[in-house]
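Number 480 marks the last residue of the sequence shown (the numbering used here); no jumps.
C-beta atoms are modelled at their ideal positions from N, C-alpha and C, and glycine is treated no differently.
Treat the numbers as computed from the prediction; the structure is a model and nothing was measured.
See structure below.
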Amino acid sequence: MLAVKTVAVINQKGGVGKTTSVANLGAAIAMRGPDVCLMDIDPQAHLSLHYGLEPDETTATIFDVLAEESTLPNATKMLTPNLWLLPSTTDLAAAESTLAGHTQRNHLLQKSLTAQSLPHDFILIDCPPSLGLLTLNALVAADDVLIPLQPHFLALQGLAKLLETIQLVQQRVNPRLRVLGVLLCMYESVTKLGKDVVQEVRDFFEAARGTNTPYADARIFQTVIRRNIRLAECPSYGKTIFEYDARSNGATDYNALAGEFLACYGKTEPVPVSPEAALPPDTIAPVPVPPPMPYSSNPHEISG
Ligand SMILES: Nc1ncnc2c1ncn2[C@@H]1O[C@H](COP(=O)(O)OP(=O)(O)O)[C@@H](O)[C@H]1O
Ligand SMILES: [Mg+2]
Numbered sequence: 177m178l179a180v181k182t183v184a185v186i187n188q189k190g191g192v193g194k195t196t197s198v199a200n201l202g203a204a205i206a207m208r209g210p211d212v213c214l215m216d217i218d219p220q221a222h223l224s225l226h227y228g229l230e231p232d233e234t235t236a237t238i239f240d241v242l243a244e245e246s247t248l249p250n251a252t253k254m255l256t257p258n259l260w261l262l263p264s265t266t267d268l269a270a271a272e273s274t275l276a277g278h279t280q281r282n283h284l285l286q287k288s289l290t291a292q293s294l295p296h297d298f299i300l301i302d303c304p305p306s307l308g309l310l311t312l313n314a315l316v317a318a319d320d321v322l323i324p325l326q327p328h329f330l331a332l333q334g335l336a337k338l339l340e341t342i343q344l345v346q347q348r349v350n351p352r353l354r355v356l357g358v359l360l361c362m363y364e365s366v367t368k369l370g371k372d373v374v375q376e377v378r379d380f381f382e383a384a385r386g387t388n389t390p391y392a393d394a395r396i397f398q399t400v401i402r403r404n405i406r407l408a409e410c411p412s413y414g415k416t417i418f419e420y421d422a423r424s425n426g427a428t429d430y431n432a433l434a435g436e437f438l439a440c441y442g443k444t445e446p447v448p449v450s451p452e453a454a455l456p457p458d459t460i461a462p463v464p465v466p467p468p469m470p471y472s473s474n475p476h477e478i479s480g
């Protein structure tokens, strides 16, 4: 297996499906064989709770790693032989201000990742719903970004801001950073609004093909994650969708996504996606595309 691929799962909007996707895509990839480490860098610690982990003061967490009081191998817990979790803690919110005083504040995660070689094939980072210090750490450390998107009004504005930030980090500190793709979550094929948003996102990325941006090769994943109540229920039981209801649409969709995700890295053939869980073909004629977004760069945020 090649060197570990680090994929940051980011959208600065809350409630779009980041944590659900990290938890269940991670489990689905691990079920297919690769070794996966899930990192919870959100002070809300939802991913840790999803896996039934409630760290107490004796548990090493992401904060101890960023503060250089623990190492990744020490703080990462084994869930199954090839699925690992680095837990977060609600203390991370307060700790963020301590870390902000650090001269290398945006490079703390990258430093800990490069300090020793890790035995994983994939690291999936569940980011908080902001573009603050913790998300910047993920962008500096990551190879790729996966963007969960809930297709509704204003989704595009948020996406534009996120892509600006990604481009800034790529230009200034992490040249290998690229956007792997957009994952449509809580998808309802029947709504016109959903279809319109998908078309706009498609047009935007089509216009970016061949440009010198980190999203020139971004895809919209063919697999969509349908709205499925079972996905919302399983975190309360500390279970993944595969443990909670392996026959649900949620399990079907995240399993199909794992196939498509691994195919992006040349690992497997994608599994056929059931027609209801796939995007409809692009039948709408291309529309004129808006010009690239202007920058509102803040070099202090990203340089160091
Ligand atoms: N496909 C889905 N269908 C139904 N509910 C979902 C789906 N994906 C996520 N949810 C629920 O929506 C809420 C927000 O999802 P979450 O993954 O926590 O978003 P984020 O991490 O982006 O804040 C959670 O209660 C989650 O259980
Ligand atoms: Mg979350």
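Note to self: I'd like to know whether the C-beta atoms of residue 361 and residue 324 end up nearer to each other than 9 Å.
What the structure shows: yes
Next item on the list: Let me know the secondary structure DSSP gives residue 262 once reduced to three states.
Entry: Note: residue 262 maps to strand in three-state DSSP.
Notebook entry, point to check: Whose beta carbon lies closer than 5 Å to any heavy atom of ligand 2, going through the chain in order?
Noted result: 194, 195 and 222
Next item on the list: May I ask you to list the residues that DSSP assigns as paired with residue 481?
Entry: Because the chain spans 177 through 480 in this model, residue 481 falls outside it and cannot be assessed.
Next item on the list: Please work out which residues of its chain come closer than 6 Å, Cβ to Cβ, to residue 268, disregarding the five sequence neighbours upstream and downstream, and give them in chain order.
Entry: 219 and 239
Notebook entry, point to check: Exposed or buried, which one is residue 386 when buried takes at least 16 other CB atoms within 10 Å?
Noted result: Exposed, since its Cβ has fewer than 16 Cβ neighbours within 10 Å.
Notebook entry, point to check: Residues in its own chain within less than 8 Å of residue 140 by CB, not counting five upstream and five downstream?
Noted result: Given a span of 177 to 480 for the chain in the structure shown, any question on residue 140 remains unanswerable.
Check: Given that a residue counts as buried once 16 or more other Cβ atoms are within 10 Å of its Cβ, and exposed if not, what is residue 274?
Finding: So residue 274 ends up on the exposed side.
Item checked: Pair within 9 Å by beta-carbon distance, residue 182 and residue 342 -> no
Note to self: If you reduce the DSSP assignment to three classes, tell me which class residue 207 lands in.
What the structure shows: helix
Note to self: Would residue 221 and residue 288 qualify as a contact pair, given that the criterion is a beta-carbon distance under 9 Å?
What the structure shows: no
Next item on the list: Answer with buried or exposed for residue 436, where buried requires no fewer than 16 other C-beta atoms within 10 angstroms of its C-beta.
Entry: buried
Margin query: Any heavy atom of ligand 1 closer than 8 Å to the beta-carbon of residue 408?
Written below: Yes, the beta carbon of residue 408 sits closer than 8 Å to at least one heavy atom of ligand 1.
Next item on the list: Check whether the Cβ of residue 423 lies closer than 8 Å to any heavy atom of ligand 1, and answer yes or no.
Entry: no
Next item on the list: Taking residue 190 as the reference, give the member of 425, 306 and 286 with the closest Cα.
Entry: 306
Notebook entry, point to check: Got a sec: does ligand 1 put a non-hydrogen atom nearer than 8 Å to the Cβ of residue 127?
Noted result: Here the chain covers residues 177 to 480 and nothing more, so residue 127 does not appear.
Next item on the list: Less than 8 Å between the CB atoms is what I'm expecting for residue 318 and residue 184, so what's the real figure, rounded?
Entry: 4 Å
Next item on the list: Measure the C-alpha to C-alpha separation of residue 348 and residue 320 and round it to an integer number of angstroms.
Entry: One C-alpha to the other measures close to 16 Å.
Next item on the list: Give the straight-line distance between the Cα atoms of residue 216 and residue 262, rounded to the nearest whole angstrom.
Entry: 6 Å
Note to self: Quick check: what's the CA-CA separation for residue 246 versus residue 236?
What the structure shows: Residue 236 has its alpha-carbon roughly 7 Å from the corresponding atom of residue 246.
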